[in-house]
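Asks:
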Amino acid sequence: MIRRIHHAGIVVERLSTAYAFYRDVLGLPLLRQAEIADQGVRAALLAAGDSEIELLEPLRADDGVGRFLATRGEGLHHVCFDTPDVASDLDDLARRGVDLLDRQPREGLAGRIAFLHPRACDGVLVELATPPSHHDDGQSQVRLKRLVIGSRDVGTTSARFQALFGFPEMALNSGPRSMLAVGRGALLIVPDEEVGGIDGMVALSLVAEDFPALMQRFDAAGVKAMRGTGEVTVEPQSSHGVHLHISRYE
Ligand code: CO
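Residue numbers (the working numbering): 3 to 252.
(1) Classify residue 30: buried if its beta carbon has 16 or more other beta carbons within 10 angstroms, exposed otherwise.
(2) Is it right to say residue 174 is buried, meaning 16 or more other beta carbons lie within 10 angstroms of its own, or is it exposed?
(3) Name the two residues that bound the continuous alpha helix (DSSP H) containing residue 67.
(4) Have a look at residue 22 and residue 247 and give me their C-alpha separation to the nearest angstrom.
(5) Give the secondary structure of residue 103 by DSSP, where H, G and I count as helix, E and B as strand, and everything else as coil.
(6) Less than 8 Å between C-beta atoms, sequence neighbours within five positions excluded: which residues of the same chain meet that for residue 70?
(7) Buried or exposed for residue 203, going by 16 or more other Cβ atoms inside 10 Å?
(8) Does ligand 1 have even one heavy atom less than 7 Å from the beta-carbon of residue 20?
(9) When you measure from the CB of residue 123 to every non-hydrogen atom of ligand 1, does any distance come out below 7 Å?
(10) Just to be sure I understand the criterion: a residue counts if its Cβ is closer than 6 Å to at least one heavy atom of ligand 3. Which residues meet that?
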């Protein structure tokens with residue numbers, strides 16, 4: 003039922019300062035911005051290849067996203083999967099006894115949306131969205147490829163995502179890891195001890211079409227990052243709390 007990772011949602015203090023990195027330095031085109039009153043946020047979607055990045059600025063300190071910012075700071079908040087019929091998926095998940103935050107779809111920035119309860123997906127907050135029209139691919143120079151998830155028990159978490167959403171497992175060369183295909187993107191589930199004991203979303207992997215130009219923009223903006231050959235890891239202080247791995251190749 004799932005066609006792709008629609009977006010990764012990131013909580014930020016202010017959209018305007020987050021644009022300075024995600025739009026101006028990383029080069030992700032802004033698709034739209036709106037105030038979503040019932041989620042208590044001002045939200046923006048930026049194109050990232052086959053997927054998008056959603057930035058969420060809380061409007062209030064005392065509800066969901068505002069409390070997240072106050073207690074955990076800026077960083078990854080949820081992942082959204084694109085489905086052709088969110089209402090029928092909710093019916094199916096409810097029949098199977100899956101914990102849902104929304105029993106009926108509602109209007110969100112990505113279209114008709116609904117959230118599962120984080121305990122349904124081992125601490126990962128999952129949103130489902132049926133977008134209003136077909137996705138317009140290919141405007142961005144940087145593409146989202148993978149969401150990295152830390153887990154105390156990789157096998158159990160992988161099996162849960164496979165059972166809930168039908169994601170096929172991809173072969174991996176080594177280690178106690180599991181990679182699940184989601185359209186042209188993927189979820190990479192790793193043992194939490196590899197990622198500082200974090201259970202849940204820990205990082206995004208992206209691919210840059212023009213890596214040297216991106217590195218020039220990093221230098222000009224003073225982005226803090228660990229440079230390798232053909233890959234770079236951005237320090238979360240420069241990317242609003244998100245570990246970003248960006249590579250030159252797939
Ligand atoms: Co979202």
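Where is the CB? At the ideal position from N, CA and C, for every residue including glycine.
Note that this is a predicted model, so its numbers are computed, not measured.
Replies: Checking against the coordinates, here is how it stands:
(1) By 1-based counting over the sequence shown, the position of residue 30 is 28. Per the 10 Å Cβ criterion, buried.
(2) Mapped onto the sequence shown, residue 174 falls at position 172. The residue in question, residue 174, is exposed, as its Cβ has fewer than 16 Cβ neighbours within 10 Å.
(3) For the purposes of this step, residue 67 is taken as the residue at position 65 of the sequence shown. Residues 66-74.
(4) Translated into the one-based positions of the sequence shown, residue 22 becomes position 20. Translated into the one-based positions of the sequence shown, residue 247 becomes position 245. Going by the C-alpha atoms only, they are around 19 Å apart.
(5) Here the question's residue 103 lines up with position 101 in the sequence shown. DSSP places residue 103 in coil when its eight states are reduced to three.
(6) The count along the sequence shown starts at 1 and reaches residue 70 at position 68. Around residue 70: 13, 60, 79.
(7) Taking the sequence shown and counting its residues from 1, the one referred to as residue 203 is at position 201. Per the 10 Å Cβ criterion, buried.
(8) Here residue 20 refers to the residue found at position 18 when the sequence shown is read from its first residue. No - ligand 1 has no heavy atom lying nearer than 7 Å to the Cβ of residue 20.
(9) Against the sequence shown, residue 123 aligns to sequence position 121. Not under cutoff, so the answer is no.
(10) Among the ligands in the structure shown, ligand 3 does not appear; only ligand 1 can be found there.
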